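Protein chains in written order, with my numbering: chain A, 337 to 963; chain B, 2 to 343.
Even glycine gets a Cβ: it sits at the ideal position worked out from N, Cα and C.
Here the structure is a predicted model, which is why all the values come from computation and not from measurement.
For reference, the structure discussed in these notes is given below.
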Amino acid sequence: MSDTTILNRDDMVTAKTSVSVLFAGDSGDGMQLTGTQFANTVAVYGSDLNTFPNFPSEIRPPAGTVSGVSGFQLQFGTTGVYTPGAKFDVMIAMNAAALKANLKNLHHGGIIITDTDGFDAKNLNLSGYGEANNPLEDGTLKDYTVFKIPVVSLTRKALAETGLSTKIIDRCKNMFVLGVLYWLYSLPLETTIKTLKTKFRKKLDIAEANIKAVQAGYNFGDETEMFSQHGRFSVAPADKKPGVYRRVTGNEASAIGLAAAAKKAGLKLFLGSYPITPATEILQTLAGLKKWGVKTFQAEDEIAGVLTSIGAAYGGALAATNTSGPGLALKTEGMGLAVILEVPLVIINVMRGGPSTGLPTKPEQSDLLMAMYGRHGEAPMPVIAAKSPVDCFYAAYEAAKIAVEYMTPVICLTDGSLALSSEPMLIPSPDELPSVTPVFSPARNADDPAYLPYKRDERGVRQWAIPGTKGLEHRIGGLEKQHETGNVSHDPENHALMTKLRAEKVARVADIIPDLTIDNGPEKGDVLVLGWGSTYGAIKKAVEQVLEGGCSVAHAHLRYINPFPKNLREIMSNYKKVLIPENNCGQLLSMIRDKFLFEPVGFSKVQGLPFNEMEIEAKITDILKEL
Amino acid sequence: MTDTLAQLTAKDFTSNQEPKWCPGCGDFSVLQQLKNAMADLGLKTEEVVVVSGIGCSSRLPYYVATYGVHGIHGRALAMASGIKTSRPELSVWVGTGDGDALSIGGNHYIHTVRRNLDLNVILFNNEIYGLTKGQYSPTSKVGLKTVTSPNGVVDHPINTAALTLGAGGTFFARVMDRDGKIMREIFKRAAEHKGTSLIEIYQNCPIFNDGAFDAFSNKERKADTTIYLEQGKPLVFGKDNNKGIRLDGFKPVVVDLGSSSVSENDLWIHDEKDFIKANMLSRFFDDPDASEDFLPRPFGIFYVEDRYTYEDALTEQIAAAQENGEGTLEELLAGSSTWTIE
Numbered sequence: 337m338s339d340t341t342i343l344n345r346d347d348m349v350t351a352k353t354s355v356s357v358l359f360a361g362d363s364g365d366g367m368q369l370t371g372t373q374f375a376n377t378v379a380v381y382g383s384d385l386n387t388f389p390n391f392p393s394e395i396r397p398p399a400g401t402v403s404g405v406s407g408f409q410l411q412f413g414t415t416g417v418y419t420p421g422a423k424f425d426v427m428i429a430m431n432a433a434a435l436k437a438n439l440k441n442l443h444h445g446g447i448i449i450t451d452t453d454g455f456d457a458k459n460l461n462l463s464g465y466g467e468a469n470n471p472l473e474d475g476t477l478k479d480y481t482v483f484k485i486p487v488v489s490l491t492r493k494a495l496a497e498t499g500l501s502t503k504i505i506d507r508c509k510n511m512f513v514l515g516v517l518y519w520l521y522s523l524p525l526e527t528t529i530k531t532l533k534t535k536f537r538k539k540l541d542i543a544e545a546n547i548k549a550v551q552a553g554y555n556f557g558d559e560t561e562m563f564s565q566h567g568r569f570s571v572a573p574a575d576k577k578p579g580v581y582r583r584v585t586g587n588e589a590s591a592i593g594l595a596a597a598a599k600k601a602g603l604k605l606f607l608g609s610y611p612i613t614p615a616t617e618i619l620q621t622l623a624g625l626k627k628w629g630v631k632t633f634q635a636e637d638e639i640a641g642v643l644t645s646i647g648a649a650y651g652g653a654l655a656a657t658n659t660s661g662p663g664l665a666l667k668t669e670g671m672g673l674a675v676i677l678e679v680p681l682v683i684i685n686v687m688r689g690g691p692s693t694g695l696p697t698k699p700e701q702s703d704l705l706m707a708m709y710g711r712h713g714e715a716p717m718p719v720i721a722a723k724s725p726v727d728c729f730y731a732a733y734e735a736a737k738i739a740v741e742y743m744t745p746v747i748c749l750t751d752g753s754l755a756l757s758s759e760p761m762l763i764p765s766p767d768e769l770p771s772v773t774p775v776f777s778p779a780r781n782a783d784d785p786a787y788l789p790y791k792r793d794e795r796g797v798r799q800w801a802i803p804g805t806k807g808l809e810h811r812i813g814g815l816e817k818q819h820e821t822g823n824v825s826h827d828p829e830n831h832a833l834m835t836k837l838r839a840e841k842v843a844r845v846a847d848i849i850p851d852l853t854i855d856n857g858p859e860k861g862d863v864l865v866l867g868w869g870s871t872y873g874a875i876k877k878a879v880e881q882v883l884e885g886g887c888s889v890a891h892a893h894l895r896y897i898n899p900f901p902k903n904l905r906e907i908m909s910n911y912k913k914v915l916i917p918e919n920n921c922g923q924l925l926s927m928i929r930d931k932f933l934f935e936p937v938g939f940s941k942v943q944g945l946p947f948n949e950m951e952i953e954a955k956i957t958d959i960l961k962e963l
Numbered sequence: 002m003t004d005t006l007a008q009l010t011a012k013d014f015t016s017n018q019e020p021k022w023c024p025g026c027g028d029f030s031v032l033q034q035l036k037n038a039m040a041d042l043g044l045k046t047e048e049v050v051v052v053s054g055i056g057c058s059s060r061l062p063y064y065v066a067t068y069g070v071h072g073i074h075g076r077a078l079a080m081a082s083g084i085k086t087s088r089p090e091l092s093v094w095v096g097t098g099d100g101d102a103l104s105i106g107g108n109h110y111i112h113t114v115r116r117n118l119d120l121n122v123i124l125f126n127n128e129i130y131g132l133t134k135g136q137y138s139p140t141s142k143v144g145l146k147t148v149t150s151p152n153g154v155v156d157h158p159i160n161t162a163a164l165t166l167g168a169g170g171t172f173f174a175r176v177m178d179r180d181g182k183i184m185r186e187i188f189k190r191a192a193e194h195k196g197t198s199l200i201e202i203y204q205n206c207p208i209f210n211d212g213a214f215d216a217f218s219n220k221e222r223k224a225d226t227t228i229y230l231e232q233g234k235p236l237v238f239g240k241d242n243n244k245g246i247r248l249d250g251f252k253p254v255v256v257d258l259g260s261s262s263v264s265e266n267d268l269w270i271h272d273e274k275d276f277i278k279a280n281m282l283s284r285f286f287d288d289p290d291a292s293e294d295f296l297p298r299p300f301g302i303f304y305v306e307d308r309y310t311y312e313d314a315l316t317e318q319i320a321a322a323q324e325n326g327e328g329t330l331e332e333l334l335a336g337s338s339t340w341t342i343e
């Protein structure tokens, strides 16, 4: 369909193994869309990929100002892509404010692609640089490679003959920049052209204009002399496992994981939920899965979110609720009820910076101890954690499996950095997914012995007795129950017994979870870096780097935090030092110390930011020096 | 167990647990009428769930031989909403109190009522906290002296009827605990109503708030202080039915039927479908002990509205989404946009 010829000049092409890119512009510049397009292109091209949107928490902040800057960060490459990248190699700055807000995170010597039309007097003043101090002209950027492109002017020129209004044409400027970037990284335009045709299938002139803009940007790369000194880059596809892939964010993956577990179990999924950043997309995704019979209930508050779910669980649904820290605090009484009722329930907690409202849009791992101990009474429940956006699918799925098969609430921890990041996910076939097997009490006849709702099997698990089943009528509640009958009991010995039985049941989950394995590095050695949750990518990369340097360092990552894998003590004992990096003040550290009477080395970061690999690498190096 | 072909009796709805309410408690009457109504309705024990929160009244589920869940304080309606949403075919009843439903659970009350799930909610209002031994509740009268209001309550009390209608309720009725026959009929009407049916019971607590409703239950006084609402009938009350309510414009006034100038034809005719009139009735909230000039307190069914229920609407949306078949696990895993790596 192209009416412009794509030239293929013999530019110098430099091969890269991975590149981190930031698309930054005003909230209205379409940076999320542009970044997403680029991500889809490199994904289909076969790259490894990790993305992270970075947008203001305000919905419509003042245009042109630093607080109005919206960014989309991604890293793609042939190998070693586990995070969106600690710093960017390339930054697209659509205006002065975008440059100002993000320059500190650009690698020294990195590439800046700017729209010079976004550096006029008005934008310079709004950004805080001031019109007299244009950073493109005053030497501020002397340590970087800067490509100054009049994007708006060039887009208008390219689309002059479309007959569209200037306002509409100007909205295509992001596609022009995208075209330039495709040229610079030797990437094909097909994925984006296909998407634009689908997205604007009812507005053909808009589709056409956007496609023209992306092609014009690409051709600009070919024609301009601007890049001749640096040439182009190429990033070979990753050696990915063959198969069908989709791109998912952590929150989408969590939602699909729950829905898949319900399907596999033959149960209906019910989600009681109250919107909260950064967990809301789980509710949003599931609200769109009615074709799969999913019922979502947007409750009046967090408490009703968990209580409606407990009601649905009592009724025989796979019930879940999702939230973030403040909401988890509100749900704790309800979670205790689920513990004593012994009904299956999945609580997905997408952690953010706290306490109180804290840092709603920033990740932290500081709810671990609340997940473990944040309930009144002796109320243990399994706790598991996801390590990557794709892993949110498997973590949610496993949480559901444990909940259903052990008749217990389960907490699944993810966090703000996983929730909104995306990765390519190799789509599993339904047969590969583990079974999820609910055990319902069968109907009973009048002459059967009295029904015992709290009779347990050899694992200490009671059966699921759902309303509508003849002969199982029974009354349960938050009051302590008599062993087996479930009748209200205040008997001292009985309370001690029931407390023990509930705890033993949760502890026995250790029987079905896999042993902890070494993710990378030697089985015995100097340092074990023990992580959990979203620190996976940064630790993985840091350990890869120190291993290249010949150090004796290994990485193991905990999925199961309650109960711990049975071999955790043994694994830790194989190293001289155990390092635990956490985005909190040492919560897993405290649990390990408490359980094993053993002193690992803690490494905390509580800045509302994930670790980067350099920080962890530096810490490992320090420890090695002290050995 | 009983033969399901035969209609069950109240006895079949009696569990093996002995009620642990105080002697003389109004709750006994409610329990009995609930079981009577369930039997009258031809319900089966396995298709009924009784849900409650915390408080004396919330022990209700233990005493009914159906499915039952005794939840946590204030959250009975939220839990019942989850049960009903996931299992619309079940008959779901809620036992709750003035503290449980209107204080700690006030938020759930408002939102459950407006969503109009098909729940039957029995609100035991004794104007006191009983289980915690006698503190004032959100329905206690101003001036009531309790352990936490030794100088008298200063909180303005909640008007349950007005709150329910204000929140968009589709069924509201009020009944006195000792009026068993009326209660039984109202429970049946509530069960037949498709939507959230709210029944406020004026329930005497003989220990901590004895006589709270004397003004409306005392044999000598009740004829003059209460009015029983009957569909299509004029609002008549008083000893020998000698008084009525007439609307002077928008103002309800008590008229003397003995005088020659007023006849029953002039009176307000009760219409439970009339939302405006139901709202006016909800404001008949005078304290007969506070003034000679009071409107009688209404009992019976104030208001009934046919409106879609939450669970039906959701079920319809799901059916529409599944018009071309339910989604498979393969489709769920694949999503809408995929690519292949060879």
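For residue 283 of chain B, the CB contacts under 7 Å within the same chain, skipping 5 residues up- and downstream, are 160, 162, 163, 166 and 303 in chain order. For residue 175 of chain B, same chain residues with a beta-carbon under 6 Å away, outside a window of 5 residues either side, are 201 and 300 in chain order.
Per DSSP, the unbroken beta strand (DSSP E) holding residue 761 of chain A starts and ends at 758-762. Contact between the region 739-750 of chain A and the region 676-690 of chain A is present: 3 or more CB-CB pairs across the two stretches fall below 8 Å. In the three-state reduction of the DSSP assignment, residue 502 of chain A falls in the helix class, which pools H, G and I.
Put simply, the CB of residue 264 of chain B is far from chain A, with every gap to its CB atoms at 8 Å or more.
Against chain B, the CB of residue 725 of chain A has no partner CB under 8 Å away; the residue lies outside that interface. Think of a sphere of 7 Å around the beta carbon of residue 778 of chain A: no beta carbon from chain B falls inside it, the nearest being about 13 Å out. Of all residues in the region 636-655 of chain A, only 636, 637, 639, 640, 641, 642, 643, 644, 645, 646, 647, 648, 649, 650, 651, 652, 653 and 655 place a beta-carbon less than 9 Å from a beta-carbon of chain B. Contact with chain B is found for residue 823 of chain A, since one of that chain's Cβ atoms lies less than 8 Å from the residue's Cβ. With contacts defined by Cβ atoms closer than 8 Å, residue 763 of chain A and residue 580 of chain A form a contacting pair. Taking 9 Å as the upper bound on Cβ-Cβ separation, chain A lies near residues 45, 46, 47 and 48 of the region 25-48 of chain B.
Taking a Cβ-Cβ threshold of 9 Å, the residues of chain B close to residue 581 of chain A are 339, 340, 341 and 342, in chain order. Around the beta-carbon of residue 473 of chain A, fewer than 16 other beta-carbon atoms lie within 10 Å, marking it exposed. Per DSSP, residue 728 of chain A is one residue of the alpha helix (DSSP H) stretching across 725-742. Closest in C-alpha terms to residue 835 of chain A, from the list A:713, A:947, A:810 and A:894, comes A:713. Interface flag for residue 318 of chain B against chain A is set, since a Cβ pair is found closer than 8 Å. Within a 10 Å sphere around the beta-carbon of residue 158 of chain B sit 16 or more other beta-carbons, which makes this residue buried.
Here residue 842 of chain A is not near residue 865 of chain A, since their CB atoms are 8 Å or more apart. Its Cα nearest to that of residue 351 of chain A, the residue A:414 stands out among A:385, A:414 and A:364. Comparing alpha-carbon positions, the option among A:673, A:650, A:610 and A:909 lying closest to residue 635 of chain A turns out to be A:610. Excluding residues up to 5 positions away in sequence, 837, 840, 841 and 844 lie with their Cβ nearer than 7 Å to the Cβ of residue 796 of chain A in the same chain. As a beta-bridge residue in DSSP terms, residue 868 of chain A pairs with A:894. In the DSSP annotation of this structure, residue 430 of chain A is not part of any beta strand (DSSP E), being labelled neither H nor E. In terms of Cβ geometry, residue 922 of chain A and residue 883 of chain A do not form a close pair [threshold 8 Å]. For residue 69 of chain B, the closest Cβ of chain A is nearer than 8 Å. None of the residues of the region 853-884 of chain A has a beta carbon lying less than 7 Å from any beta carbon of chain B.
DSSP places residue 248 of chain B inside the beta strand (DSSP E), whose first and last residues are 244-249.
Contact of residue 191 of chain B with chain A is not assigned, every C-beta pair being separated by 8 Å or more. Proximity of residue 80 of chain B to chain A, defined by a Cβ-Cβ separation below 8 Å, is satisfied.
With a contact defined as Cβ atoms closer than 8 Å, residue 633 of chain A and residue 616 of chain A miss out at about 14 Å. In this structure, residue 699 of chain A and residue 919 of chain A form a Cβ contact; the two beta carbons are roughly 7 Å apart against a cut-off of 8 Å.
For residue 85 of chain B, the enclosing alpha helix (DSSP H) begins and ends at 77-87.
Among the bridge pairs identified by DSSP, residue 570 of chain A is matched with A:351. In the DSSP annotation of this structure, the continuous segment of the alpha helix (DSSP H) that includes residue 116 of chain B starts and ends at 107-116.
Residues of chain A with a Cβ closer than 7 Å to the Cβ of residue 109 of chain B are, in chain order, 636 and 640.
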